[in-house]
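For reference, the structure discussed in these notes is given below.
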Amino acid sequence: MADESQRPIVVKRIKKGGHGHHGGAWKIAYADFVTAMMAFFLLMWLLGSVSQGDLQGISEYFRTPLKVALAGGSGSGDANAIVKGGGQDLTRKSGQVAKVEEQERSLEKQRLTRLQQKLRQRLEQSPVFKDYKNQLRLEMTPDGLQVQIIDEQNRPMFDSGSYRLLPHTQTILRELGRELNEVSNRISISGHTDAKPFSRGERAYSNWELSADRANAARRELLAGGMLDEKVLRVVGLAAADPLNRQNVFSSENRRIAIVVLNKETEAAILRDGLPADAAAPVGAAGPTSSGTP
Numbered sequence: 001m002a003d004e005s006q007r008p009i010v011v012k013r014i015k016k017g018g019h020g021h022h023g024g025a026w027k028i029a030y031a032d033f034v035t036a037m038m039a040f041f042l043l044m045w046l047l048g049s050v051s052q053g054d055l056q057g058i059s060e061y062f063r064t065p066l067k068v069a070l071a072g073g074s075g076s077g078d079a080n081a082i083v084k085g086g087g088q089d090l091t092r093k094s095g096q097v098a099k100v101e102e103q104e105r106s107l108e109k110q111r112l113t114r115l116q117q118k119l120r121q122r123l124e125q126s127p128v129f130k131d132y133k134n135q136l137r138l139e140m141t142p143d144g145l146q147v148q149i150i151d152e153q154n155r156p157m158f159d160s161g162s163y164r165l166l167p168h169t170q171t172i173l174r175e176l177g178r179e180l181n182e183v184s185n186r187i188s189i190s191g192h193t194d195a196k197p198f199s200r201g202e203r204a205y206s207n208w209e210l211s212a213d214r215a216n217a218a219r220r221e222l223l224a225g226g227m228l229d230e231k232v233l234r235v236v237g238l239a240a241a242d243p244l245n246r247q248n249v250f251s252s253e254n255r256r257i258a259i260v261v262l263n264k265e266t267e268a269a270i271l272r273d274g275l276p277a278d279a280a281a282p283v284g285a286a287g288p289t290s291s292g293t294p
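Numbering follows full-length UniProt numbering, in which position 223 of the sequence shown is assigned residue number 223; successive positions increment by one, without gaps.
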């Protein structure tokens, strides 16, 4: 009994409160998560930078790795590296530019087509054009919408051998001037004659000067009708170099004024390259009349 009374008494005290220190395991898990997210976004960036040919090569490699490694698949040789410098894909950028340009060409063609339809409707309905619609021709060309005013044997546009417009031609051109403001495109005006030469020969006042003077007279009437001056890109005289009736170069229908509402591509080419050497002719002053009817 004495031994039991002398045995030490052990008291266990339990502290309630904080959870204590758990160690650094959470930091390792968080670092793994951040690393995985960085790898994911890096993969997304790489896939966005790889061209279509590279993607096809990678796909073929994982489908048949041995075949691609030994012989090379259709996509394995499409590019020298999986990531071309890690920058933007210039091929893709060029394709986007080409797509935008194609859309612009399509919209422009629609605008010119609407203008053509409106002018054709005016020819059919307007009393101004009623008697002259056979002398007006509308057609879409590679350069844009072309409007031609053509001589008739009994109803010419100009006095014989002169650049002076007859009253009905002035009326037609002024009406056209108002309509051409409907689009922002610039225009080209060219004068044409038949092949009948002047009595004094080509070294004096000739069909070249006459056609240029007539084109310039047409320009003035378009402006008088309300067309903006900045819409005119060029005024040229082509004499008999581009006959409408090639079987009969002396035909009255070769005497005409051609107005082209230029598309943007042709306008840019004219501004870049200038006038063709064989198309440009000096705009001469008023010259003498001839015995013929160029």
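We put the beta carbon where it would ideally sit given N, CA and C, even for glycine.
- Below 8 Å, enough C-beta pairs join the segment 194-207 and the segment 244-263 to call them touching: three or more.
- Contact between the segment 204-217 and the segment 149-165 is established, with three or more Cβ pairs separated by less than 8 Å.
- Under DSSP, the beta-bridge partners assigned to Ala258 are Gln148 and Ser190.
- Gly144 is a Cβ neighbour of Val260, given a cutoff of 8 Å.
- For Leu238, the closest C-alpha among the options Ser206, Glu221, Gly226 and Ala268 is that of Ser206.
- The beta carbon of Met44 sits closer than 7 Å to none of the beta carbons in its chain outside the five residues before and after it.
- For Glu104, the CB contacts under 8 Å within the same chain, skipping 5 residues up- and downstream, are Lys264 in chain order.
- Asn248 and Ala241 have their C-alpha atoms some 13 Å from each other.
- Of all alpha-carbon atoms in Ser49, Thr171 and Gln116, the one lying nearest the alpha-carbon of Leu180 is that of Gln116.
- Comparing alpha carbon positions, the residue from Leu271, Ser251 and Val183 closest to Leu228 is Val183.
- Distance from the Cα of Arg272 is smallest, within the candidate group Leu138, Arg137 and Leu233, for Leu233.
- Annotated as proximal: Gln135 and Arg155, with beta-carbon spacing under 8 Å.
- Beta bridge pairing from DSSP links Arg137 with Gln148.
- Using a 10 angstroms sphere on the CB of Leu42, the tally of other CB atoms stays under 16, which defines it as exposed.
- Comparing alpha carbon positions, the residue from Glu139, Leu244, Trp208 and Asp151 closest to Leu262 is Glu139.
- The three-state secondary structure of Leu165, taken from DSSP, is strand.
- DSSP, reduced to helix, strand and coil, places Val232 within a strand of the structure shown.
- Taking Asp151 as the centre and dropping the five residues before and after it, the same chain places the C-beta of Met157, Ser252, Glu253, Arg255 and Arg256 closer than 7 Å to its C-beta, in chain order.
- When only Cα atoms are considered, Gln56 and Val50 end up about 10 Å apart.
- If you draw a 10 Å sphere on the C-beta of Phe33, you find fewer than 16 other C-beta atoms in it, and that means exposed.
- A straight-line Cα-Cα distance of about 10 Å links Ala25 and Ala31.
- When the beta-carbon positions are compared, Leu173 and Leu123 stay at least 8 Å from each other.
- Gly237 sits in a strand when the DSSP states are folded into three classes.
- Judged by DSSP secondary structure, Asn216 falls within the alpha helix (DSSP H) whose first and last residues are Asn207 to Ala224.
- DSSP lists Glu152 as the beta-bridge partner residues of Arg155.
- Here the alpha carbons of Val100 and Gln52 stand approximately 20 Å from one another.
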